[in-house]
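Everything on this sheet refers to the single structure shown next.
There are 2 protein chains.
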Amino acid sequence: MKLSSVQLDQYHREGYLFFEGLFDRNEVSTLTDRVKAILALDRPEIVREKGSGVARTAFAPQYYDDAFARLARHPRLVEPAVQILGGRVYMHQFKINAKAAFDGEVWQWHQDFGTWVNDDLMPEAKALNVALFLDDVTEFNGALMFIPRSQRRGMLEAGHDLETTSYPLWTIDHATIRRLVDEGGLIAPKGPAGSMLLFHCNLVHASPANISPWDRNIVYLSLNRCDNAIRQFKRPEYIAHRDFTPIEPLPDDCLRSLAAGSAVR
Amino acid sequence: MKLSSVQLDQYHREGYLFFEGLFDRNEVSTLTDRVKAILALDRPEIVREKGSGVARTAFAPQYYDDAFARLARHPRLVEPAVQILGGRVYMHQFKINAKAAFDGEVWQWHQDFGTWVNDDLMPEAKALNVALFLDDVTEFNGALMFIPRSQRRGMLEAGHDLETTSYPLWTIDHATIRRLVDEGGLIAPKGPAGSMLLFHCNLVHASPANISPWDRNIVYLSLNRCDNAIRQFKRPEYIAHRDFTPIEPLPDDCLRSLAAGSAVR
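Here's what the structure looks like:
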């Protein structure tokens, strides 16, 4: 998995790259087979929606599930990040965001880097997110919205929203969003389960509630350059990891070989 | 404005008809020029969002604005309803639904007829809605979602939701929605300001919150056949009208002539 110079240019200009259907059906089902059981776990890593109690986020599934442990080292997810960031990376955060059918709630407009600086003292914006769709993402089930090129403004002023949902977030005011959208527009990448999205940690994004009858699970890897490790350990370890060891990618067939019943770690 | 037999068949089968860009830019701006002032009025007809206090619905603007008074008798909106319902119609309800940028909230899954039966004792489902987009409706700003063919099931069981938003609504349970969507799928008509949507009063629909920076104002005419008038007057007159006089459509240029500065009523 090697990005072309055209892809690298697009990433640096627009702030994201989208790969439709990068993982095949079998690879995806190896993961989705585990998701229901993970979201049903009663442990602090599973954050629930304020209203319904339905699972919203499962943090750090690589600690307690072998398929997600492999995914956290998958070369198709990790190698493009190394290439873009220009150095070895470690896992800052790894989670399943479950925007459940009917009950999945909104994420207000934000930059991820805002939280990483404010809460974790990450030095620079040398980090990015890799999103892997575990369900088809459509216009109906709460697709993420991005403001292209908004990452070029650097870190924007934000307020700490403790009200809207069950997860505290540094969010950006309406006037700033209007201005950024006037300049860059909005995009909402949609595609089948197995699609991958890479985006800059300063790319402004949000996602609406999911009122459709279709779940919308997405896995997020937040990868940070090893020489840019966080300096404050205020949040739980399962939210902001403290192991800064470079990720060693596994072979490209690491999910397929698990599905085939080979030995797990 | 005369529907073809193909259009009539589609309406009766799918439960809706969509006309992209039916009203031109000047006709639309004659209306949108008034909307901001209407939504700012401090009168009981203007219902506000629970959280933000931003206007959610302006009921009965035809009573206090001359452009909307003309729109309420516009032949492009009224004549197709007469043709579909097979008889003269009166205005049961007329409103602007303002799904405001950032603050416009969700409408849960429902059939309009449920409310009209339960609250107003409307005898039969011989009524329909006509929606006129006052803003461009896109994938980003809270497009309505419909379950095609769901009107063929007749009136479905519903519960009275007094919690979710500022407006009480008879809503349909998740299991029923899943079943209907399995059969009919989902559609979300999108198009420029001036587009018109007709839909059956038993067609199940919902709309998500609007977290985009773009407003999404839509005018709704709920037209009922004159021999099907409501029998209970529990709700305020500005919500469920009590004048069952057949609508006399105005000439097709009624909005254009107002824009040109001719005498108002």
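So the sequence lines, in the order shown, correspond to chains A and B. If you read the first sequence in our numbering, its first letter stands for residue 11, the second for the next number, and so on. If you read the second sequence in our numbering, its first letter stands for residue 11, the second for the next number, and so on. Positions of the beta carbon are idealized from the N, C-alpha and C atoms, including for glycine. Model, not experiment: these values are computed from the prediction.
query                                                                                                             : result
Proximity test, Cβ basis, 8 Å: B:Val116 and chain A                                                               : yes
B:Val191: contacting residues in chain A (beta-carbon distance under 7 Å)                                         : Pro223
Per DSSP, the bridge partner or partners of B:Leu233                                                              : B:Met101, B:Leu138
Ordered list of alpha helix (DSSP H) runs contained in the stretch 54 to 112 of chain A, each at least 4 residues : 76 to 81, 85 to 95
Supposed contact pair A:Leu87 and A:Met206 - C-beta distance, whole angstroms, cut 8 Å                            : 7 Å
Amino acids of chain B, ordered along the chain, whose beta-carbon sits closer than 8 Å to that of A:His184       : Ala111, Phe112, Pro223
Endpoints, the alpha helix (DSSP H) within which B:His251 is located                                              : Careful: B:His251 lies outside any alpha helix (DSSP H) and carries neither H nor E.
Neighbour-count burial assignment, A:Glu24, 16 or more Cβ in a 10 Å radius                                        : buried
For A:Ala216, the three-state DSSP class (helix, strand or coil)                                                  : strand
CB-CB length for A:Glu115 against A:Arg66, believed under 8 Å                                                     : 7 Å
Enclosing beta strand (DSSP E) for A:Gln20 [first to last residue]                                                : A:Gln20 -> not in any beta strand (DSSP E); alpha helix (DSSP H) instead, spanning 15 to 24.
Closer than 8 Å to chain A by CB, B:Phe150                                                                        : yes
Buried/exposed call for B:Asp237, threshold 16 Cβ in 10 Å                                                         : exposed
Residue-chain proximity (B:Arg188, chain A), Cβ-Cβ < 8 Å                                                          : yes
Alpha-carbon spacing of B:Pro158 relative to A:Ser14, whole angstroms                                             : 43 Å
Alpha carbon of A:Pro259 to alpha carbon of A:Tyr100, nearest angstrom                                            : 11 Å
DSSP bridge partner residues for A:Trp180 (one or two, in chain order)                                            : A:His170
Simplified DSSP assignment, three categories, for B:Asp262                                                        : coil
Contact with chain B by A:Leu51, beta-carbon distance below 8 Å                                                   : no
Cβ pair B:Ile48, B:Asp75 closer than 8 Å                                                                          : yes
C-beta neighbour in chain B for A:Ala79, strict 8 Å                                                               : no
Neighbour flag for A:Glu30 against chain B, beta carbons, 8 Å                                                     : no
C-alpha distance - A:Leu233 paired with A:Ala135, whole-angstrom precision                                        : 11 Å
Exposure of B:Leu166, with buried meaning 16 or more beta-carbon neighbours within 10 Å                           : buried
Minimum Cβ-Cβ distance from B:Val274 to chain A less than 8 Å                                                     : Unreliable positioning characterises B:Val274 in this predicted model, as indicated by a pLDDT of 42, which lies under 50. The coordinate reading is nonetheless provided below. So no, B:Val274 is outside the interface.
Reduced DSSP secondary structure (H/G/I, E/B, other) of B:Asn238                                                  : helix
CB of A:Pro218 within 8 Å of CB of B:Ile221, strictly                                                             : yes
Nearest-angstrom Cα separation, counted from B:Trp117 out to A:Lys105                                             : 30 Å
Rounded C-alpha distance that separates A:Pro90 from A:Arg98                                                      : 11 Å
Bridge partner(s) assigned by DSSP for B:Arg226                                                                   : B:Lys109
Residue from A:Ala108, A:Pro261, A:Val57, A:Trp119 whose Cα sits closest to the Cα of A:Phe156                    : A:Trp119
Any chain B beta carbon closer than 8 Å to A:Pro199                                                               : no
For B:Ser160, the nearest candidate out of B:Asn107, B:Ile228, B:Ile187 (CA to CA)                                : B:Ile187
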